[in-house]
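Asks: Please find one structure pasted underneath; my questions will follow.
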Amino acid sequence: KQEVTQIPAALSVPEGENLVLNCSFTDSAIYNLQWFRQDPGKGLTSLLLIQSSQREQTSGRLNASLDKSSGRSTLYIAASQPGDSATYLCAVRLAGANSKLTFGKGITLSVRP
Amino acid sequence: DAGITQSPRHKVTETGTPVTLRCHQTENHRYMYWYRQDPGHGLRLIHYSYGVKDTDKGEVSDGYSVSRSKTEDFLLTLESATSSQTSVYFCAISERDSLRNEQYFGPGTRLTVT
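The structure is reproduced here in structure tokens:
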């Protein structure tokens, strides 16, 4: 059974800091990995999707990397801002027909002004 | 934003009553999913659909049923609600054959069973 772990559960940083959020998974036979953002009381917003054949994806100040062999992904946020405060979740999809996403529990990020 | 709506957005109901939550999409995506989100458990898949009238169970399907009679609508029914089903329910959609294959989420329904 695929397990996805995100540690720590919460993180507080000063504004302007570059930071890395970690995600680890137990089964390396993944189809892709997706990073989401969730604001309090809201739904999930897709940030980045990395296919299993890719090493990284970038969108603005966000960069996500994937190392399938070690079962790890990182989300790098450059020059953090208070507006980046949210919960960040990673989810992996196993290879195979009709496979589903397995989610980590998320990292709650607080960026202090 | 992907065209996904959920109704109702909030509901309070009593133990033992039936409840139906609706997810509606305007993207014509093939796959639709129902998740629940609880503190300490994260997001867990309840049921999903891979086409009209094609559904399958997720990891926490007990006490829930689903139906999909049209591409755009996916209904989640709690036949007899229990307090353990108090949660936030999210619908998601995905186009299986697209290169990007992302899942897009609806705004959620907060259900309280008293």
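Residue numbers (our numbering), protein chains in the order written: chain C, 1 to 113; chain Y, 1 to 114. Ideal Cβ positions, reconstructed from N, Cα and C, are used throughout, including at glycine.
Cα separation between Pro113 of chain C and Val66 of chain Y?
Replies: On the first sequence, residue 113 of chain C is found 113 positions in, with the first residue counted as 1. On the second sequence, residue 66 of chain Y is found 66 positions in, with the first residue counted as 1. Taking the straight line joining both Cα atoms gives about 45 Å.
Asks: So which residues of chain Y does Phe103 of chain C contact, with C-beta pairs closer than 7 Å?
Replies: Taking the first residue of the first sequence as 1, we reach residue 103 of chain C at position 103. Going along chain Y in sequence order, the residues near Phe103 of chain C (Cβ under 7 Å) are Gly42 and Leu43.
Asks: For Tyr48 of chain Y, return the contacting residues in chain C, with the cut-off set at a CB-CB distance below 7 Å.
Replies: As a position in the second sequence, residue 48 of chain Y is number 48, starting the count at 1. For Tyr48 of chain Y, the chain C residues whose Cβ falls inside 7 Å of its Cβ are Lys100, in order along the chain.
Asks: Taking the alpha carbon of Val111 of chain C as the point to measure from, which residue in C:Ser80, C:Leu101, C:Ser65 and C:Gly104 has its own alpha carbon closest?
Replies: Residue numbering aside, residue 111 of chain C sits at position 111 when the first sequence is read from its first letter. Val111 of chain C has its Cα closest to that of C:Ser80, out of C:Ser80, C:Leu101, C:Ser65 and C:Gly104.
Asks: Checking 9 Å against the spacing of the C-beta atoms, do Glu14 of chain Y and Val113 of chain Y come in under that value?
Replies: As a first step, residue 14 of chain Y must be located in the second sequence, where it is residue number 14. As a first step, residue 113 of chain Y must be located in the second sequence, where it is residue number 113. Yes. Within cutoff.
Asks: Keeping to the same chain, check which residues put their C-beta closer than 8 Å to that of Ser69 of chain Y; ignore five residues upstream and five downstream.
Replies: Counting from 1 along the second sequence, the entry for residue 69 of chain Y is found at position 69. Val52 and Lys53.
Asks: Between Pro8 of chain Y and chain C, is any beta-carbon pair separated by less than 9 Å?
Replies: Indexing the second sequence from 1 puts residue 8 of chain Y at position 8. Answer no: the Cβ-Cβ gap between Pro8 of chain Y and chain C never drops below 9 Å.
Asks: So, for Val13 of chain C: in the same chain, excluding its five sequence neighbours on each side, which residues have a beta-carbon less than 8 Å away from its beta-carbon?
Replies: The residue labelled residue 13 of chain C in the question sits at position 13 within the first sequence. Excluding positions up to five away in sequence, the list reads Leu19, Ser80, Leu109, Ser110, Val111 and Arg112.
Asks: Listed in chain order, which residues of the segment 62 to 94 of chain Y have Cβ atoms closer than 7 Å to some Cβ of chain C?
Replies: Phe90
Asks: Buried or exposed: Gly71 of chain C, going by 16 or more other Cβ atoms within 10 Å of its Cβ?
Replies: Looking up residue 71 of chain C in the first sequence gives position 71. It is buried - the Cβ of Gly71 of chain C has at least 16 other Cβ atoms within 10 Å.
Asks: Just reading off the beta strand (DSSP E) that Lys1 of chain C is part of, what are its end residues?
Replies: The residue you call residue 1 of chain C lines up with position 1 of the first sequence. Taken as a continuous stretch (DSSP letters only), Lys1 of chain C belongs to no beta strand (DSSP E), as it is neither H nor E.
Asks: What are the uninterrupted segments assigned as beta strand (DSSP E) that are 3 or more residues long and contained completely in the segment 49 to 101 of chain C, given in chain order?
Replies: 56 to 59, 62 to 67, 72 to 77 and 86 to 94
Asks: Closer than 8 Å by beta-carbon distance: list the chain C residues that pair up with Gly58 of chain Y, in chain order.
Replies: By 1-based counting over the second sequence, the position of residue 58 of chain Y is 58. What Gly58 of chain Y touches in chain C: Lys100.
Asks: For a contact defined as C-beta to C-beta under 8 Å, what are the partners of Leu33 of chain C on chain Y?
Replies: Your numbering for residue 33 of chain C matches position 33 in the first sequence. Within 8 Å Cβ-Cβ: nothing; Leu33 of chain C doesn't reach chain Y, min ~11 Å.
Asks: Using only CA atoms, which one of Y:Thr82, Y:Thr71, Y:Arg9 and Y:Ser49 lies nearest to Asp62 of chain Y?
Replies: Start at 1 with the first residue of the second sequence, and residue 62 of chain Y comes out as number 62. That would be Y:Thr82, whose Cα lies nearest to the Cα of Asp62 of chain Y.
Asks: Measure the alpha-carbon distance for Glu79 of chain Y versus Gln57 of chain C and round it to whole angstroms.
Replies: In the second sequence, the residue the question calls residue 79 of chain Y occupies position 79. In the first sequence, the residue the question calls residue 57 of chain C occupies position 57. Answer to the nearest angstrom: the Cα atoms are 43 Å apart.
Asks: Helix, strand or coil for Ser65 of chain Y per DSSP?
Replies: Counting from 1 along the second sequence, the entry for residue 65 of chain Y is found at position 65. The answer is strand: DSSP assigns Ser65 of chain Y an E or B state.
Asks: Just curious, the beta strand (DSSP E) that Lys11 of chain Y is in, first and last residue?
Replies: If you number the second sequence from 1, residue 11 of chain Y lands on position 11. Element bounds for Lys11 of chain Y: His10 to Thr13.
Asks: With a threshold of 16 other CB atoms inside 10 Å of the CB of Ile7 of chain C, please say whether the residue is buried or exposed.
Replies: Walking along the first sequence from the start, residue 7 of chain C turns up at place 7. Ile7 of chain C should be labelled exposed.
Asks: Quick one: what does DSSP say Ser83 of chain Y is sitting in, helix, strand or coil?
Replies: As a first step, residue 83 of chain Y must be located in the second sequence, where it is residue number 83. Note: Ser83 of chain Y maps to helix in three-state DSSP.
Asks: Mind pulling the chain Y residues with CB within less than 8 Å of Pro106 of chain C?
Replies: The residue given as residue 106 of chain C occupies position 106 in the first sequence. Here residue 106 of chain C turns out to be Gly, not Pro, going by the sequence shown. Neighbours of Gly106 of chain C on chain Y, chain order: Gly42.
Asks: Going by CA-CA distance only, name the one from C:Gly106, C:Lys100 and C:Leu75 that's closest to Leu21 of chain C.
Replies: Position 21 of the first sequence, counted from the start, is the residue given in the question as residue 21 of chain C. The shortest C-alpha separation from Leu21 of chain C is found at C:Leu75.
Asks: With distances taken Cα to Cα, identify the nearest neighbour of Glu17 of chain C among C:Thr26, C:Val4, C:Phe25 and C:Arg61.
Replies: Reading the first sequence from its first residue, position 17 is the one you call residue 17 of chain C. Closest by C-alpha distance to Glu17 of chain C, out of C:Thr26, C:Val4, C:Phe25 and C:Arg61, is C:Arg61.
Asks: Can you pull the chain C residues whose beta carbon is under 8 Å from the beta carbon of Gly106 of chain Y, in chain order?
Replies: As a working note, residue 106 of chain Y is residue 106 in the second sequence. The answer, in chain order, is Gly43.
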